[in-house]
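Chemist: If you scroll down you'll find the structure; I have some questions about it.
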Amino acid sequence: MLRVSRLTDYATVVMTCIAAHPDDVLSTAQIADETHLELPTVSKLLKSLGHAGLVESFRGVNGGYRLARPAQAITLAEIVEAMEGPIGMTECGVTEGQCEREAQCGVRGSWQRISSVVDRALRAVSLADMLRPPPRRTEVTVDISTLKGRTTA
0 MLRVSRLTDY ATVVMTCIAA HPDDVLSTAQ IADETHLELP TVSKLLKSLG
50 HAGLVESFRG VNGGYRLARP AQAITLAEIV EAMEGPIGMT ECGVTEGQCE
100 REAQCGVRGS WQRISSVVDR ALRAVSLADM LRPPPRRTEV TVDISTLKGR
150 TTA
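Numbering follows numbering that gives the first Met the number 0, with no gaps: position 73 of the sequence shown is 72.
Put into structure tokens, the structure is as follows:
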């Protein structure tokens with residue numbers, strides 16, 4: 000199964016929490032409380048997200064964090080990259096020279112195309128999109144009796 004790390008998942012949770020309060024500066028404790036994540040984890044995430052320029056931090060009594068840009072202008076790809084680095088399904092799909100078999104590899108180009116599709120998909124989803132409830136799933140029913148006798152190519 001392909002999946003992002005737990006910290007990357009939590010980073011999207013933290014970012015959507017902050018995005019849900021666009022006019023507020025939220026403390027680390029507020030974010031931890033609202034997201035039900037441990038305070039040290041939230042602190043670690045905010046540090047990485049801050050280094051990536053996705054959140055701004057403010058010191059002082061009323062200090063905390065807010066998004067560095069509007070939620071619509073931050074993509075899911077940026078959050079993933081802040082936590083995991085460049086998006087790629089394989090090492091050689093991201094940068095050249097990572098594998099001694101690269102010159103003879105017959106699948107590298109295919110993995111690069113797949114990585115590109117995943118990258119575009121993540122860039123097509125904004126943080127604002129993550130705030131919206133998912134579309135209702137519609138159930139599809141298939142009458143198997145209509146499939147009998149059919150062949151597939």
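We treat Cβ as the ideally placed atom computed from N, Cα and C, and that holds for glycine.
Predicted, not measured: the structure shown is a model, and the values here were computed from it.
So which of THR15, VAL93, ALA70 and GLN29 has the shortest CA-CA distance to GLY62?
Modeler: Along the sequence shown, read from residue 1 onward, the residue named residue 62 stands at position 63. Selected option, being the one with the closest Cα: GLN29.
Chemist: Can you name, in chain order, every residue of its own chain whose Cβ lies under 8 Å from the Cβ of GLU55, other than the five neighbours on each side?
Modeler: For the purposes of this step, residue 55 is taken as the residue at position 56 of the sequence shown. Answer for GLU55: GLY49, TYR64, ARG65, LEU66 and ALA67, listed in chain order.
Chemist: Quick one: what does DSSP say ALA152 is sitting in, helix, strand or coil?
Modeler: The residue you call residue 152 lines up with position 153 of the sequence shown. Residue placement at ALA152 cannot be trusted, given a pLDDT of 49 that sits under 50; what the coordinates show is reported in the next sentence. In this structure, ALA152 counts as coil in the three-state DSSP scheme.
Chemist: Using the rule of at least 16 other Cβ atoms within 10 Å of the residue's Cβ for burial, across every protein chain shown, is GLY108 buried or exposed?
Modeler: In the sequence shown, the residue the question calls residue 108 occupies position 109. Result: exposed.
Chemist: I'd like the ranges of any alpha helix (DSSP H) spanning at least 4 consecutive residues and lying wholly in the region 72-150.
Modeler: As far as the region 72-150 is concerned, its whole alpha helix (DSSP H) runs of at least 4 residues are 75-83, 90-93, 107-122 and 126-130.
Chemist: Name the two residues that bound the continuous beta strand (DSSP E) containing GLU37.
Modeler: For the purposes of this step, residue 37 is identified with residue 38 of the sequence shown, where counting begins at 1. No beta strand (DSSP E) contains GLU37, which DSSP labels as neither H nor E.
Chemist: Among MET129, VAL93 and PRO132, which residue has its Cα nearest to the Cα of ILE113?
Modeler: As a first step, residue 113 must be located in the sequence shown, where it is residue number 114. ILE113 has its Cα closest to that of VAL93, out of MET129, VAL93 and PRO132.
Chemist: Just to check my reading of the structure: ALA81 and ALA51 have Cβ atoms closer than 8 Å, yes? What is that Cβ distance to the nearest angstrom?
Modeler: To locate residue 81, count along the sequence shown from 1; it is residue 82. To locate residue 51, count along the sequence shown from 1; it is residue 52. Confirmed, about 3 Å.
Chemist: Under the three-state reduction of DSSP, which class applies to SER56: helix, strand or coil?
Modeler: In the sequence shown, counting from the first residue as 1, residue 56 sits at position 57. Note: SER56 maps to strand in three-state DSSP.
Chemist: Could you round the C-beta distance between ILE86 and ASP118 to whole angstroms and report it? I think they count as a contact, below 8 Å.
Modeler: Looking up residue 86 in the sequence shown gives position 87. Looking up residue 118 in the sequence shown gives position 119. With 8 Å as the limit, ILE86 and ASP118 qualify as a contact, their Cβ atoms being about 5 Å apart.
Chemist: Give me whichever residues DSSP pairs with LEU45 in a beta bridge.
Modeler: Position 46 of the sequence shown holds residue 45. Answer by DSSP bridge pairing: none, since LEU45 is not bridged.
Chemist: Could you have a look at LEU25 and say whether DSSP puts it in helix, strand or coil?
Modeler: Here residue 25 refers to the residue found at position 26 when the sequence shown is read from its first residue. Residue state, collapsed to three classes: strand.
Chemist: DSSP three-state call for ARG5: helix, strand or coil?
Modeler: Taking the first residue of the sequence shown as position 1, residue 5 is located at position 6. Looking at ARG5 - three-state DSSP - the assignment turns out to be helix.
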